Amino acid sequence: MTKPILLSTPHMGDRELELVKQAFDTNWIAPIGPHVDAFEQEFCQIIGADYAAAVSSGTAAIHLALQLIGVESGDEVFCSTLTFAATASPIIYQRAKPVFIDSDRTSWNMNPELLQSALKHRACIGKLPKAVIVVHLYGQSADIDPILQVCNHYGVPLIEDAAESLGATYKGQHPGTFGCIGIYSFNGNKIITTSGGGMLVSNNADLVAKARFLATQARDRAPHYQHSEIGYNYRLSNVLAGIGRGQLCVLSERVAARRRNFEIYISSLGNLPGVEFMPEAGFGRATRWLTCLTIDPEAFGADREQVRNSLSAQQIETRPVWKPLHLQPVFSECEYIGGAVAEDLFRRGICLPSGSNLTNEDLERVISAIASVHYGNKKSQTPLFMI
Ligand SMILES: *Cc1c(COP(=O)(O)O)cnc(C)c1O
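By the UniProt record's numbering, the letter at position 346 of the sequence shown is numbered 346, and the numbering carries on one by one without gaps.
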């Protein structure tokens with residue numbers, strides 16, 4: 001039977017198991033312990049943040065971030081539209097209202113000009129949002145400088161959803177460390193994983209201390225159990241933090257492997273008519289967490305769904321680019337600012353298998369499968385790819 005090739009699978013290094021065993025040997029099987037503390041410190045060192053709180057998921061980190069900023073019932077939060085639902089779901093947990101913002105073509109991320117004009121308009125009518133959540137999509141930073149500048153100008157806190165972009169840079173600095181709060185995810189499909197987990201970072205010590213407090217059931221300082229606020233059970237397990245510490249050791253290798261996948265894909269498929277790869281914006285280095293491209297059906301001779309289905313029949317998993325949140329049934333009542341950039345990327349965009357553990361044979365299979373959709377399965381015309 002043909003071996004399935006999946007989109008993005010976990011890729012353990014040499015140290016994870018040993019660190020997990022340490023947790024067992026010392027009986028730190030709890031959502032607290034030395035691995036949790038060390039994971040936070042090592043994470044801060046790598047990305048250049050001052051403080052971090054390890055939590056149970058990226059979604060939990062976003063929820064805490066909104067809580068820390070004081071987002072409440074009826075508040076509005078501006079948010080990138082081209083992203084996974086988990087970016088915006090916590091806005092709804094807070095009974096606040098998302099307002100979605102379109103992408104730009106150079107980074108596929110939030111269009112800074114749209115944000116500027118929207119905030120300017122909102123300031124005029126005295127209805128500024130409580131926060132802005134910018135997403136760094138598919139391993140590429142958004143254009144942070146103009147976004148941060150306009151947020152600072154109007155005094156609106158910026159939350160960065162860097163769940164997909166650990167290891168990327170923006171002008172040499174790590175996305176997630178520019179705004180008021182940054183969040184990361186260690187879900188199984190992300191660039192490094194703890195099976196499930198997340199991190200909240202900030203340069204504000206009080207915010208991170210408050211995040212830890214809320215993430216451990218908001219227990220007041222008292223010998224008995226006393227609570228003046230509602231908290232959550234959002235801390236990361238010490239066992240999983242052990243996996244995370246091991247994964248941090250190989251982060252740069254994982255980034256290099258994913259960028260290599262991208263290079264191989266673009267050198268083999270980049271010249272096919274109608275194929276356009278997600279650009280790497282000039283302001284930074286993308287990790288290529290997922291290699292994404294768009295297909296122009298006229299020029300290519302098949303549309304995105306035909307390509308996806310053809311690959312699926314050959315046990316190759318691909319995914320359409322995120323369906324913009326303003327087009328999701330659950331967010332259909334929400335306000336939307338922008339045009340049809342994100343929508344177009346969704347209709348024509350596809351994410352290719354991108355794991356750091358793909359073999360050359362895997363890549364060759366994906367490349368040949370895509371090329372043969374274009375060449376109409378005329379095997380004689382299908383160029384042979386040698387990596
Ligand atoms: C994965 C992801 C999340 C959620 O992270 P979890 O750890 O799965 O909760 C949030 N935002 C984006 C953009 C993601 O890709």
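In this text, a Cβ means the ideal position worked out from N, Cα and C, and glycines have one as well. Computed from a prediction, not measured in an experiment: that's the story for all the values here.
Using DSSP's beta-bridge definition, name the partner residues of residue i.
i      : result
Gln173 : Tyr170
Met110 : Ser103
Phe277 : Leu293
Ser80  : Ile101
Ala131 : Val77
Thr26  : Thr26 is not bridged to any residue.
Leu200 : Ala53 and Ile183
Ile5   : Ile316
Arg235 : Val55
Thr216 : Asn233
Along the chain, where does the alpha helix (DSSP H) that runs through residue i open and close?
i      : result
Phe346 : Val341 to Arg348
Tyr93  : Ser89 to Tyr93
Ile62  : Gly58 to Ile69
Helix, strand or coil for residue i? Go by DSSP, reduced to three states.
i           : result
Asp161      : strand
Cys334      : coil
Ser354      : coil
Ile192      : coil
Ile316      : strand
Ser380      : For Ser380, the predicted structure reports a pLDDT of 46, less than 50, and the residue's modelled location is therefore unreliable. A value from the coordinates is still provided. Here Ser380 sits in helix by DSSP.
Ala371      : helix
Gly246      : helix
Arg221      : coil
Gly284      : strand
Asp143      : coil
residue 390 : In this structure the chain extends from 1 to 387, so residue 390 is not present and cannot be described.
Phe43       : helix
Asp303      : coil
Pro324      : coil
His136      : coil
Arg365      : helix
Ala38       : helix
Leu272      : coil
Ala96       : coil
Arg15       : coil
Val156      : coil
Pro31       : coil
Pro10       : coil
Gln226      : coil
Let me confirm a value: residue i is counted as buried when at least 16 other C-beta atoms fall within 10 Å, else exposed. Which label applies?
i           : result
Ile350      : buried
Pro223      : exposed
Val330      : exposed
Leu127      : A small correction: the amino acid at residue 127 is Lys; Leu does not occupy that position in the sequence shown. Burial call: exposed.
Glu16       : buried
Asp50       : exposed
Ile181      : buried
Arg258      : buried
Glu18       : exposed
residue 404 : The shown model of the chain, from 1 to 387, leaves out residue 404, and the question about it has no answer.
His227      : exposed
Arg304      : buried
Met199      : buried
Asn261      : buried
From which residue to which residue does the beta strand (DSSP E) around residue i run?
i      : result
Ile230 : Looking at the DSSP string, Ile230 is not in any beta strand (DSSP E), and its letter there is neither H nor E.
Tyr51  : Tyr51 to Val55
Tyr265 : Taken as a continuous stretch (DSSP letters only), Tyr265 belongs to no beta strand (DSSP E), being part of the alpha helix (DSSP H) at Leu251 to Leu269.
Tyr184 : Ile181 to Ser185
Within 8 Å, do at least three Cβ pairs link the stretch 149-160 to the stretch 30-38?
no
For the 8 Å Cβ check, are there 3 or more pairs between the stretch 171-188 and the stretch 306-322?
no
Does the stretch 196-212 come within contact of the stretch 102-114, defined as at least 3 CB pairs closer than 8 Å?
no
Below 6 Å from a heavy atom of ligand 2 - residues by beta-carbon:
In the structure shown, ligand 2 is absent; the only ligands present are ligand 1.
Taking one C-beta from the stretch 308-317 and one from the stretch 357-374 each time, how about it: are there three or more such pairs within less than 8 Å?
yes
Would you check if the stretch 38-45 and the stretch 236-251 touch, i.e. whether three or more CB-CB distances between them fall below 8 Å?
yes
Check whether the stretch 201-208 touches the stretch 14-22, taking contact to mean three or more Cβ pairs, one atom from each stretch, closer than 8 Å.
no
Touch test, the stretch 56-63 against the stretch 288-295, Cβ-Cβ under 8 Å, three pairs minimum
no
Taking contact to mean 3 or more Cβ pairs, one atom from each stretch, closer than 8 Å, check whether the stretch 216-236 and the stretch 81-90 are in contact.
no
When you compare the stretch 70-82 with the stretch 90-97, are there three or more beta-carbon pairs, one atom per stretch, that lie closer than 8 Å?
yes
Any chance the stretch 251-260 sits against the stretch 271-284, with 3 or more Cβ pairs inside 8 Å?
no
Would you check if the stretch 118-138 and the stretch 355-364 touch, i.e. whether three or more CB-CB distances between them fall below 8 Å?
no
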